[in-house]
Amino acid sequence: MTQRRPLLSLFTIFALGLCLGRFTEQNVPELLWLIVAIAALFAGGIGLALELRGLLSARLLGRLGLIFALFFYAAFAYAHARLPVNFLQPQLIDLGAVRGVVVSYPTVRADRTSFVLKPDGAPGYFQVFYYHPNESDFAPVAYGDLLILRAAVQVPPIFSGFDYREYLRQRDIWGVISVRNERQIQKLANSQGNFILEVGFRWRVYLFKLIDTYVPAESAGLLKGLIFGDTASLSKDIESDFRDAGVLHVLAVSGANLGMILVIFWALLRSFHLSYLRIYLIATPIVLLYWLIVGFEVSLVRASLIFFFVTLGIVCAERGWILKRWSDPIQGLCAAGLLLLVFNPESLFDVSFQLSFAATGAILLAVSYVWPRLEKRLTPKNLPPTEASLSLPWRWRLARWLALFLLVSIAAQTGVAPILAYHFHRLSGPVSLLANLTIVPLVTLALWGGIILLILGALHLGPIAVGLGVMEGWLLEALIRLADLFASLPGAFWQL
């Protein structure tokens with residue numbers, strides 16, 4: 100019996116409607132889509148009413164009316180969500196100074212600091228770059244600072260092969276400010292942002308100091324990237340090696356990092372025979388705390404929603420709230436995607452959104468349809484299926500884990516391959532697959548080692564933290580050397 104997936108249908112219809120809104124943005128007024136959507140909804144309502152009265156031939160009218168109502172509403176939602184930059188950007192000419200609040204966690208590099216500013220009395224945001232290459236003691240900027248920036252606001256540029264202006268517009272950023280010296284910055288007040296995020300920012304700064312204290316400098320930059328997605332202290336050569344080796348995803352706060360944390364955590368709690376519901380309730384505040392420290396990055400929020408919705412079906416099936424056959428991770432993935440698109444229609448055309456859902460969807464399909472067949476082949480013939488998971492010899496368990504990890508890696512790379520080819524004109528080669536199979540397990544170990552190190556440092560267990568920091572430094576150095584090795588091999592990636 101074919102499994103029905105109504106949320107997959109809703110997600111597909113809504114996504115197609117967003118595509119319609121995007122491709123007709125310049126030619127069709129947004130109000131037209133709303134009018135058509137209301138008319139379709141009205142027709143669908145009539146069809147459903149007639150069906151309830153016994154006129155079964157009206158069923159098609161009702162279904163099509165609701166489908167087209169959702170489709171055209173999505174087109175309206177996309178057009179309505181777009182910031183009117185064509186109207187706003189001509190006003191930048193008159194701006195010689197901007198007053199606003201820092202609403203992102205600043206990224207501090209050796210030569211510059213970047214952050215997002217919410218201007219007073221204006222929609223959207225400005226991207227700010229504060230350059231300080233020759234200043235050893237520059238003016239620090241923190242989340243929640245109220246600033247006056249005496250510098251021109253420019254229209255975001257469009258680079259060759261990358262539409263930076265559109266990239267910022269999808270994040271409601273319509274201007275770029277370049278600050279060249281400290282005299283252009285005047286701090287009026289601090290703690291003007293969200294109180295909870297300010298607490299998270301202070302924790303983040305404190306944890307960064309702990310990493311710098313216990314881990315060597317070059318390795319510390321890599322650990323900050325693994326845990327927090329902050330590559331500011333990472334050299335360009337190391338970042339380039341991870342990119343060319345096809346493992347740059349481990350340095351971005353996304354589903355990969357969150358998955359490495361939650362999978363081990365989930366397995367650890369399951370070993371204590373805790374129910375899925377209890378694990379779910381324990382994992383939720385941990386994810387929220389991680390959000391707080393990282394800064395509610397869009398990619399992390401997206402990955403967390405995917406986790407919550409995908410695992411929610413497992414929890415509900417365990418509690419008997421739904422039938423087990425209704426527990427479908429693809430449905431959970433579509434629910435997360437639909438929710439994200441409703442709140443931010445432009446995210447459908449964001450590369451990170453596409454990569455996240457393509458990789459996750461490919462993994463879920465592989466685990467749902469391919470893994471059961473592999474699992475049967477990796478079970479001794481003389482062992483009853485009911486006892487396979489309980490009394491499997493360790494060699495078979497190891498073979499299963501390796502096969503599952505290989506399957507997940509192949510599925511993820513297959514899922515994202517068309518997107519990488521379209522946006523970046525490159526495909527991962529066989530060396531990239533080998534790099535993922537080698538580096539990702541070590542990254543998981545380094546990630547958990549870093550988390551334990553931070554806990555020990557925060558508890559002021561200095562001697563133990565020092566010893567662990569040395570071992571963590573060795574592991575991180577090994578990751579750097581492995582990335583350099585794989586990046587130098589032919590076949591790491593193919594440029595199209």
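Following the numbering used here, the numbering of the sequence shown begins with 100 at its first residue and continues without gaps.
Beta carbons: idealized from backbone N, C-alpha and C, even for Gly.
The structure presented is a predicted model; accordingly, all values stated were derived computationally and were not measured.
Item, Value
"Ignoring anything shorter than 3 residues or poking outside the region 127-211, list the beta strand (DSSP E) runs there in chain order.", "197-201"
"Where Gly-419 and Trp-273 are concerned, what is the direct C-alpha to C-alpha distance, given to the nearest angstrom?", "49 Å"
"Along the alpha helix (DSSP H) that carries Val-400, what are the first and last residues, could you check?", "397-418"
"Can you name the residues that DSSP bridges to Pro-602?", "In the structure as shown, the chain starts at 100 and stops at 595, and residue 602 therefore has no counterpart that could be examined."
"If we call anything under 8 Å between Cβ atoms a contact, is Ala-319 one with Ile-310?", "yes"
"Along the chain, where does the beta strand (DSSP E) that runs through Ala-238 open and close?", "Run containing Ala-238: none; DSSP gives neither H nor E here."
"Tell me which same chain residues have a C-beta within less than 8 Å of the C-beta of Gly-460, skipping the five on either side of it?", "Ile-429, Leu-432 and Gly-514"
"With a cut-off of 8 Å on the beta carbons, I'd call Trp-470 and Leu-503 a contact; round off their distance for me.", "7 Å"
"For the alpha helix (DSSP H) containing Ser-455, list its first residue and its last residue.", "450-464"
"Between Gly-549 and Glu-571, how many whole angstroms is the CB-CB distance? I'm expecting something under 8 Å.", "6 Å"
"Quick one: what's Phe-261 bridged to in DSSP?", "Phe-258"
"Tell me the rounded alpha-carbon separation between Ser-108 and Gly-223.", "33 Å"
"Less than 8 Å between the CB atoms is what I'm expecting for Asn-289 and Gly-345, so what's the real figure, rounded?", "Not really, about 42 Å apart at Cβ, beyond 8 Å."
"Under 8 Å, do Glu-265 and Arg-181 count as touching if we go by C-beta distance?", "no"
"Suppose contacts are defined by Cβ-Cβ distances below 8 Å. Is Val-278 in contact with Phe-228 by that definition?", "yes"
"Give the DSSP-derived three-state secondary structure of Phe-592 in the structure shown.", "strand"
"Can you give me the Cβ contacts of Leu-447 inside the same chain, cut-off strictly under 7 Å, excluding the 5 residues immediately before and after it?", "Ala-114, Leu-117 and Leu-440"
"Could you give the distance in angstroms between the alpha-carbon of Ala-402 and the alpha-carbon of Glu-281?", "37 Å"
"Taking the alpha carbon of Val-362 as the reference point, which residue from Leu-133, Ile-385 and Glu-445 has its own alpha carbon closest?", "Ile-385"
"So, Ala-251 versus Gln-283, is the Cβ gap smaller than 8 Å?", "no"
"Please say whether Ser-527 and Phe-592 have beta carbons closer to each other than 8 Å?", "yes"
"By the three-class DSSP mapping on this structure, what secondary structure does Ala-487 have?", "In this prediction, Ala-487 scores a pLDDT of 49, lower than 50, which makes its location untrustworthy; no coordinate-derived value is stated."
"Pick from Ala-196, Ala-564 and Asn-535: whose alpha carbon is nearest that of Leu-216?", "Ala-196"
"How many whole angstroms separate the CB atoms of Trp-132 and Phe-186, which I take to be in contact at a CB cut-off of 8 Å?", "With a Cβ gap of about 20 Å, Trp-132 and Phe-186 do not count as contacting."
"Using a C-beta cutoff of 8 Å, does Ala-238 count as contacting chain B?", "No chain B is present in this structure, which holds just one protein chain."
"Would you decide whether Pro-492 is buried or exposed? Buried here means 16 or more other CB atoms lie within 10 Å of its CB.", "exposed"
"Asp-219: which of Thr-212, Leu-248, His-231 and Leu-130 sits nearest, CA to CA?", "Leu-248"
"If we call anything under 8 Å between Cβ atoms a contact, is Ile-462 one with Val-414?", "no"
"Beta-carbon within less than 7 Å of Val-304's beta-carbon, same chain only, minus the 5 sequence neighbours each way: which residues are those?", "none"
"Out of curiosity, what's the CA-to-CA distance linking Ala-136 and Asp-449?", "25 Å"
"To the nearest angstrom, how far is it from the Cα of Arg-369 to the Cα of Ile-381?", "12 Å"
"In the DSSP assignment, the alpha helix (DSSP H) including Ala-331 goes from what residue to what residue?", "Ala-331 -> no alpha helix (DSSP H), and no H or E assigned at all."
"Assuming Ser-527 is part of the beta strand (DSSP E), what are its boundary residues?", "525-527"
"Please list the terminal residues of the continuous alpha helix (DSSP H) segment that includes Gly-572.", "561-587"
"By the 10 Å Cβ neighbour count, where 16 or more other Cβ atoms means buried, how is Trp-573 classified, buried or exposed?", "exposed"
"Which residue from Phe-122, Val-569 and Leu-347 puts its Cα closest to that of Tyr-313?", "Val-569"
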